[in-house]
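Sequence lines, in order, name chains A and B.
Just so you know, the working numbering puts the end of the first sequence at 272, numbered straight through with nothing missing.
Just so you know, the working numbering puts the end of the second sequence at 272, numbered straight through with nothing missing.
Glycine residues also receive a C-beta, built at the ideal position from the N, C-alpha and C atoms.
These numbers were taken from a predicted model, which means no experiment stands behind them.
I have placed the structure first, in the form of structure tokens, so that the comments after it can refer back to it.
There are 2 protein chains.
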Amino acid sequence: MKVSFQGDRGAFSESMALKLFKGAETLSHKTFKDVFDSVETGRADYGVIPVENTQTGRIVEPTNLLISSSLKICKEGALRIRHCLITRKDALPDDIKYVYAHPEALAQCKGFLSGMDCRPISWWDGAAAAAKVRKDKTIALIGNERIAALYDLSIAKRDIQDSKENMTKFFVISANETDASGDDKTTIMFITKHVGGALFDALKPFASANINMTRLESMPIKDRPWEYAFLAEFKGHCKDDVIISVIDNIKEHCVSLKILGSYPSNVKGVAI
Amino acid sequence: MKVSFQGDRGAFSESMALKLFKGAETLSHKTFKDVFDSVETGRADYGVIPVENTQTGRIVEPTNLLISSSLKICKEGALRIRHCLITRKDALPDDIKYVYAHPEALAQCKGFLSGMDCRPISWWDGAAAAAKVRKDKTIALIGNERIAALYDLSIAKRDIQDSKENMTKFFVISANETDASGDDKTTIMFITKHVGGALFDALKPFASANINMTRLESMPIKDRPWEYAFLAEFKGHCKDDVIISVIDNIKEHCVSLKILGSYPSNVKGVAI
Chain A
1 MKVSFQGDRG
11 AFSESMALKL
21 FKGAETLSHK
31 TFKDVFDSVE
41 TGRADYGVIP
51 VENTQTGRIV
61 EPTNLLISSS
71 LKICKEGALR
81 IRHCLITRKD
91 ALPDDIKYVY
101 AHPEALAQCK
111 GFLSGMDCRP
121 ISWWDGAAAA
131 AKVRKDKTIA
141 LIGNERIAAL
151 YDLSIAKRDI
161 QDSKENMTKF
171 FVISANETDA
181 SGDDKTTIMF
191 ITKHVGGALF
201 DALKPFASAN
211 INMTRLESMP
221 IKDRPWEYAF
231 LAEFKGHCKD
241 DVIISVIDNI
251 KEHCVSLKIL
261 GSYPSNVKGV
271 AI
Chain B
1 MKVSFQGDRG
11 AFSESMALKL
21 FKGAETLSHK
31 TFKDVFDSVE
41 TGRADYGVIP
51 VENTQTGRIV
61 EPTNLLISSS
71 LKICKEGALR
81 IRHCLITRKD
91 ALPDDIKYVY
101 AHPEALAQCK
111 GFLSGMDCRP
121 ISWWDGAAAA
131 AKVRKDKTIA
141 LIGNERIAAL
151 YDLSIAKRDI
161 QDSKENMTKF
171 FVISANETDA
181 SGDDKTTIMF
191 ITKHVGGALF
201 DALKPFASAN
211 INMTRLESMP
221 IKDRPWEYAF
231 LAEFKGHCKD
241 DVIISVIDNI
251 KEHCVSLKIL
261 GSYPSNVKGV
271 AI
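This is the structure we're talking about:
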């Protein structure tokens, strides 16, 4: 089994892939678009993409790609993200002038970085900077513990993220839909008609059928300023009779609605 | 009149400040926290903060500071954001090795940057890198046109943002509430009770009173994974009788609710 992820060996997305698919072969990709392409063309069976972080919220690019893709969400998983500052073994704290990290990691460690006299460099992946760190003791990277062992580097400081409860949610994407497991969630994207109360009307079918929502997130629509699409996550499988009927009712209040996938519940959410 | 903004001279926030307060004295600050402090202590009359971008959505840090502050929103404004790549006058395209920009600007120009062989450096402000660019032709910055004129630099390329309709919404924050103008909006933050349907129940008073919402955005709650607060923006002033009654009704379904301010409508939204 082959599972694609964005980033270099040791990236958090690879840790999530190995946790969800024990013993799988993981394929490293430079961009999120490459992860989608690899699954669409069948070079990988699955792709693992980060979609939400508990400090910074929705992760914009993979979420946008998911919405415009024909691939379906087939699993979810969450990972506690403990960022480390990783340096060459002989580097002293004062040596560090540059810190390479994925832009999401820079955002999650903003407080820590603001107290350091260094330049944060937005890189496609923290692990991908390991070769640079090995060559130059003025360079550090932000990444997980595994990277230090994988590339023979030192952990200069652990837990440098601004929030202790820093977690990231990942979706697994696949060309195939997943059958109902008995305890499932479904994620949809919808755009309501432009009339007052349309969102309220679109949520009514959930309330009437006692379907628990666990996430409702607005996101801007590209090139249409101040208009929003909504992502909703709720209990149930898109092939359940009650969910089919709820979705049909919601559609009446929408200009578009897309089912992004149904998948076994694996991240505990709070009913809203 | 003194108006604070985050960034150095020439930043987009300063352009917005000068558009909203003609002839005002603008005060440059390194962090968003400094902008809030300057208004709280009375060193500035107003602060201008970016809160939402049409490509990347909510701007996390200033929004979080607003929610925990006692300052109120008193104006809103939107600015079309046209990013330029700015270099030293004698720099050739192949000279550029580093691009300095605010992390929001890096996110908005992600596509353009991925096609360049350079290192994107996450800086507290694009304009603040002007002195570096003047000294070193391998360095470019991302910022608005004004920066080139202000610091005697060249515009190497215009409109490098990924979306043509790239706009940012700003709030003006003040120690004082604003009286009703007759055409106002109000923004509130609320956290619903943890029972299924609580969000639907919290939205019902808007629908019953025919109050048009123009934004409903969820945001993660710090250190409480997968729990959300909601930001709602709607027509009306918090001292209107009908809005007082609507907010009282919403509170019954919430564990907390805070009015962030009422202000004259100045950004055209779409009813949801």
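Answer yes or no: do residue i and residue j have a C-beta to C-beta separation smaller than 8 Å?
i: Val99/B; j: Ala140/B; result: yes
i: Ile188/A; j: Lys258/A; result: yes
i: Thr54/A; j: Asn144/A; result: no
i: Glu40/B; j: Leu71/B; result: yes
i: Thr192/A; j: His253/A; result: yes
i: Ala130/B; j: Ile147/B; result: yes
i: Leu153/B; j: Lys204/B; result: no
i: Ile59/A; j: Glu104/A; result: yes
i: Asn79/B; j: Phe200/B; result: Here the sequence assigns Leu to residue 79/B, which means Asn is not the residue at that position. Contact: no.
i: Glu76/B; j: Asn249/B; result: no
Kindly say whether residue i, judged by its beta-carbon, lies nearer than 8 Å to any beta-carbon of chain B.
i: Met167/A; result: yes
i: Val60/A; result: yes
i: Asn144/A; result: no
i: Thr54/A; result: yes
i: Ala140/A; result: no
i: Asn176/A; result: no
I want to verify the contact list: residues of chain A whose CB lies under 8 Å from the CB of residue i, in sequence order.
i: Leu199/B; result: Leu203, Met213, Leu216 and Ile272
i: Ala232/B; result: Those within 8 Å of Ala232/B in chain A number zero; the least Cβ separation is about 10 Å.
Nearest by alpha-carbon distance to residue i: which of the options is it?
i: Ala175/A; options: Asp45/A, Leu20/A, Lys33/A and Leu199/A; result: Asp45/A
i: Met16/B; options: Asp37/B, Pro50/B and Lys2/B; result: Pro50/B
i: Leu113/B; options: Lys97/B, Trp124/B, Ala127/B and Ala128/B; result: Lys97/B
i: Trp124/A; options: Lys251/A, Thr138/A, Phe5/A and Pro220/A; result: Phe5/A
i: Gly47/A; options: Pro120/A, Asn53/A, Ser38/A and Thr54/A; result: Ser38/A
i: Met1/A; options: Trp226/A, Leu20/A, Pro103/A and Thr186/A; result: Leu20/A
i: Leu92/B; options: Leu66/B, Ile142/B, Asn166/B and Lys157/B; result: Lys157/B
i: Ala271/B; options: Pro120/B, Ser245/B, Asp241/B and Thr214/B; result: Thr214/B
i: Ser256/A; options: Lys164/A, His194/A, Met116/A and Asp241/A; result: His194/A
i: Thr87/B; options: Pro103/B, Ser13/B and Tyr151/B; result: Tyr151/B
i: Ile73/B; options: Gly57/B, Ala101/B and Phe36/B; result: Phe36/B
i: Gln161/B; options: Ala180/B, Pro225/B, Ile243/B and Ile81/B; result: Ile81/B
i: Ala198/B; options: Ala198/A, Gly197/A and Ile211/A; result: Ile211/A
Given that residue i touches chain B, what residues does it touch there, using C-beta distances under 9 Å?
i: Val312/A; result: The question about residue 312/A has no answer, for chain A in this structure spans 1 to 272.
Determine whether the Cβ of residue i lies closer than 8 Å to any Cβ atom of chain A.
i: Arg158/B; result: no
i: Pro220/B; result: yes
i: Gly57/B; result: yes
i: Phe170/B; result: no
i: Phe206/B; result: yes
Listing by chain order, which chain A residues have their CB less than 7 Å from the CB of residue i?
i: Leu106/B; result: Pro103 and Ser122
i: Arg134/B; result: Those do not exist, as Arg134/B stays about 17 Å from chain A at its closest Cβ, beyond 7 Å.
i: Arg119/B; result: Ile121
Using the beta-carbon of each residue, which ones in chain A are nearer than 9 Å to residue i?
i: Lys164/B; result: Asp223
i: His194/B; result: Val270, Ala271 and Ile272
Which residue or residues does DSSP assign as beta-bridge partners of residue i?
i: Val48/B; result: Phe5/B and Val172/B
i: Met219/B; result: Ala229/B
i: Cys84/B; result: Gly143/B
i: Glu76/A; result: Phe171/A
i: Tyr263/B; result: Lys185/B
i: Cys254/A; result: Thr192/A
i: Thr26/A; result: Val3/A
Residues of chain D with CB under 7 Å from residue i, in chain order?
i: Asn249/B; result: Any reference to chain D falls outside this structure, whose protein chains are A and B.
What does residue i reach in chain B if we use C-beta pairs closer than 7 Å?
i: Phe5/A; result: Per Cβ cutoff of 7 Å: no residues; Phe5/A is ~18 Å from chain B at best.
Please list, in chain order, the chain B residues whose beta carbon lies closer than 8 Å to that of residue i.
i: Phe36/A; result: None at all; the shortest Cβ gap to chain B is about 15 Å.
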